[in-house]
Amino acid sequence: MSEQDSITSLVDYGTTWLPGSYSTLSDIVDVQFNVILWFSVFGTIGITLVTLYFCLKYKRTKKNQVAQKQIAHNMTVEVIWTVIPLIIVMGIFYWGFRDYLRLMVAPDDAMEIRVVGEKWRWYFEYPDTDKRPSDDLVVPVGQAVKLVMSSKDVLHSFFIPNFRVKRDVQPNRYSHLWFEATKIGTFQIFCTEYCGAQHSNMDAKLIVMSRSDFEEWKETGEDTETPLPILGKRLYKSKACNACHSIDGSRVIGPTWKNAYGTMRELESGESVLIDDNYLRESIVYPANKIAKGYPNVMNSYAGLLSDREINALIEYIKTLKE
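Heads up, the sequence shown is in the working numbering, so the first residue is 173 and it goes up one at a time.
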């Protein structure tokens, strides 16, 4: 990667209201930002000018010592200044909510990367590779990427200005965001939630490569570590998960793991929950919180017995069992 590419975001940063735009989601945010900004600017100017006009027109003078006749109300005017702004605001709300859903829901073919924040660094793990966690987030251009994020200590917030994505990263649960890069280069990642004395140093680089360079990057490197799904498969037996949970669909003491991820599960409480990363983590650490209907509450908590990486590995392994 050239030095010119590595400073792309620095050159573009601060030249307009917003930094350079290099993801498919950026235009969604930028258009709404500019529409709301200029609507607010012209609205403020208009209200101010009208207010000044009436202040000057009806101010008290030596020739005008008598107050004008007071009007109790005007139904037509009141309806106009209530209904028209309401329609505009509801239109903006609908527009924003529609695009918010698009920002929140990653495409089905998105590449998944694990992100962990801790005082005072980010590191990134690729479940389908044997590379050790990286200090840089490396992604291919033109590929949707889903980040599954958690914190090892306090509340952090993951922010990529050039991609217009930001999400809080919390301990003991997972948060998600996604993006698709449109330009090869290096961009800045920040933590935007105060997290201690060295908060300002908690940054990282997002490196966007061509698809061929990315595949080469995944295959090279001396540092290797067991991929998460493979580690999860080992833990399934070594931690005795197989004593209560099958992987072939058969019923044992606990629910089967086969085809479980991404489905709805009915609980003893009568509620139904989506089996996602957060539900699986909670079921491992606090299994008594949400008991699957028809199964006994006999599982012991694995809080403190499994590391964050081991919990992530079990979750990634469960995902591989979905046909």
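The beta carbon of each residue, even a glycine, is placed where N, CA and C say it ideally should be.
Check: Quick one: complete alpha helix (DSSP H) runs, 4+ long, within the segment 279-321?; Outcome: none
Check: Identify which residue in L452, D480, V249 and S322 has its Cα closest to the Cα of K491.; Outcome: L452
Check: Look up K338 in the DSSP assignment and say whether it is helix, strand or coil.; Outcome: strand
Check: Going straight from the alpha carbon of E495 to that of N431, what length do you get?; Outcome: 6 Å
Check: Please state the DSSP three-state secondary structure of P343.; Outcome: strand
Check: Pick from L258, I219, V313 and L275: whose alpha carbon is nearest that of S382?; Outcome: V313
Check: I'd like the list of long-range same chain contacts for R437, defined as Cβ closer than 7 Å, with 5 residues on each side in sequence excluded.; Outcome: S444, V445, I447 and A464
Check: Report all residues from its chain with a CB closer than 7 Å to the CB of L439; omit the five preceding and five following residues, and keep chain order.; Outcome: V445, K462, I463, A464 and K465
Check: Sorted by chain position, which residues of the same chain lie with C-beta nearer than 7 Å to T364's C-beta, five sequence neighbours on each side aside?; Outcome: S329, F331 and K338
Check: Identify the residues that DSSP records as bridge partners of L446: which are they?; Outcome: M436
Check: Assuming R293 and D307 make a contact with CB atoms under 8 Å, what is their CB distance in whole Å?; Outcome: 7 Å
Check: How about S195 and E352: do their beta carbons lie closer than 8 Å?; Outcome: yes
Check: When the Cα atoms are used, what is the spatial distance from K229 to T223?; Outcome: 10 Å
Check: Using 8 Å as the Cβ pair cut-off and three pairs as the minimum, do the segment 256-273 and the segment 341-359 touch?; Outcome: no
Check: Just verifying my parser: in three-state terms, what is the DSSP assignment at C363?; Outcome: strand
Check: If I measure Cβ to Cβ from N472 and keep anything under 7 Å in the same chain, skipping five residues before and after, which residues do I get?; Outcome: none
Check: In chain order, what residues of the same chain have a beta carbon less than 8 Å from the beta carbon of W189, not counting five sequence neighbours either side?; Outcome: F205, N206 and L209
Check: Just to check my reading of the structure: A485 and L378 have Cβ atoms closer than 8 Å, yes? What is that Cβ distance to the nearest angstrom?; Outcome: Actually they are not in contact, since the Cβ atoms of A485 and L378 sit about 25 Å apart, beyond 8 Å.
Check: Determine the closest residue to F296 out of K390, Y408, S441 and H417, with distance taken between C-alpha atoms.; Outcome: K390
Check: Please look up how many angstroms separate the CB atoms of V341 and S372, rounded, as I've assumed it's under 8 Å.; Outcome: Between S372 and V341 the Cβ distance is about 17 Å, and since that is not below 8 Å, they are no contact.
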